[in-house]
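In mature numbering (1 follows the signal peptide of the UniProt record, and there is no 0), the protein residues as written are -19 to -1, 1 to 274.
C-beta atoms are modelled at their ideal positions from N, C-alpha and C, and glycine is treated no differently.
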């Protein structure tokens, strides 16, 4: 009974899981009759026509709160859901009409940066093409969107990705189901508007950001978009889609042109959110990774 009391108390401190404590507190003292108790719980759920959903790091252990509509939760905790393909139509006054901000804003639908003012923290037009400069600029800044340019048939194209957990140079991987890649779609017509397609993380959140090492650059998955920023290959990027990030509606095998597995980059820009001094920046330090083995 003491164990049951302690467990019951602990469960009440877990946000969103109080709906199950009534069952746990009742089941533990009556384990010999657990089958009938489970049946009662199931009947009660059916009687109330409630749907139990799961989310968060306790997905495999406890049910989430009973909700009829998760839109509110998606807005409050967007990083617990896979990226949406929907593009953001809202432009903030703080974006100031700058093209890179407008592009980033369009892609940041259902992310924690969707309505937050942005800043460019790393720009190869101003900073060195090396891992040390990269980490000096991005570490501890939280969620980030990476935009890189390369030439295809003498036309500048944009590809990149969103890293919800950012970088901190603590080593290891930084997992997230909400990470995504994107690429610029070729389109016909007179419109000069750039159109983008997002590519979701697949196979769970593991290795979304495969490396957070101080002497290494950008790695979305081990191979989906890798810009190592290593000496002699500073401007070289490689891409192989499928194992860690989807190939999308066009079934592309790489973010680059005509199946090319690599490209020489023209520029890299990394944008993060702007936070007040008293605000805590989510994921600005080390993160727990129980997914990458």
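Would you identify the three-state DSSP class for residue i, choosing helix, strand or coil?
| i | result |
| --- | --- |
| residue 147 | coil |
| residue 259 | coil |
| residue 88 | helix |
| residue 54 | helix |
| residue 299 | The question about residue 299 has no answer here: the residues shown for the chain are numbered -19 through 274. |
| residue 244 | strand |
| residue 239 | helix |
| residue 220 | coil |
| residue 158 | coil |
| residue 133 | strand |
| residue 113 | helix |
| residue 119 | helix |
| residue 271 | coil |
| residue 124 | coil |
| residue 180 | strand |
| residue 139 | strand |
| residue 206 | strand |
| residue 169 | coil |
| residue 233 | coil |
| residue 252 | strand |
Excluding the five sequence neighbours on either side, which residues of its own chain have a C-beta within less than 8 Å of the C-beta of residue i, listed in chain order?
| i | result |
| --- | --- |
| residue 119 | 102, 103, 125, 147, 148, 251, 253 |
| residue 69 | 86, 87, 88, 89, 90, 95 |
| residue 270 | 153, 154, 155, 156, 187 |
| residue 81 | 101, 128, 250, 252 |
| residue 261 | none |
Here's a check: name, in chain order, each residue in its chain whose Cβ is nearer than 7 Å to the Cβ of residue i, leaving out the five neighbours to either side.
| i | result |
| --- | --- |
| residue 60 | 93, 145, 157, 159 |
| residue 216 | 110, 245, 246 |
| residue 183 | 225, 226, 227 |
| residue 220 | 205, 206, 235, 236, 237, 242 |
| residue 196 | 112 |
| residue 133 | 238 |
| residue 55 | 62, 91 |
| residue 209 | 197, 198 |
| residue 57 | none |
Since residue i and residue j should fall inside the 8 Å C-beta cutoff, what is the C-beta to C-beta distance between them, to a whole number of angstroms?
| i | j | result |
| --- | --- | --- |
| residue 275 | residue 100 | Residue 275 lies beyond the stretch modelled for the chain, which goes from -19 to 274, so this question has no answer here. |
| residue 325 | residue 263 | Outside the modelled stretch of the chain, which goes from -19 to 274, sits residue 325, for which no answer is possible. |
| residue 84 | residue 175 | 6 Å |
| residue 140 | residue 164 | 5 Å |
| residue 248 | residue 106 | 6 Å |
| residue 202 | residue 218 | That belief does not hold up - the Cβ atoms of residue 202 and residue 218 are roughly 13 Å apart, past 8 Å. |
Taking residue i as the reference, give the member of the options with the closest Cα.
| i | options | result |
| --- | --- | --- |
| residue 131 | 82, 73, 237, 68 | 237 |
| residue 138 | 161, 178, 151, 154 | 178 |
| residue 127 | 115, 134, 172, 51 | 115 |
| residue 204 | 67, 142, 66 | 142 |
| residue 214 | 222, 54, 112, 51 | 112 |
| residue 189 | 211, 223, 212, 175 | 223 |
| residue 66 | 268, 229, 218 | 229 |
In its own chain, which residues sit with a C-beta less than 6 Å from the C-beta of residue i, not counting the 5 before and 5 after it?
| i | result |
| --- | --- |
| residue 98 | 75, 255 |
| residue 3 | At residue 3, the pLDDT of 39 sits below 50, so the modelled position is not reliable; the number obtained from the coordinates is stated separately. The answer is none, since no qualifying residue turns up. |
| residue 63 | 158, 181 |
TODO: Mind listing, in chain order, the continuous beta strand (DSSP E) runs of no fewer than 3 residues lying wholly within the segment 58 to 107?
DONE: Counting whole runs of 3 or more residues, the segment 58 to 107 contains the beta strand (DSSP E) stretches 99 to 104.
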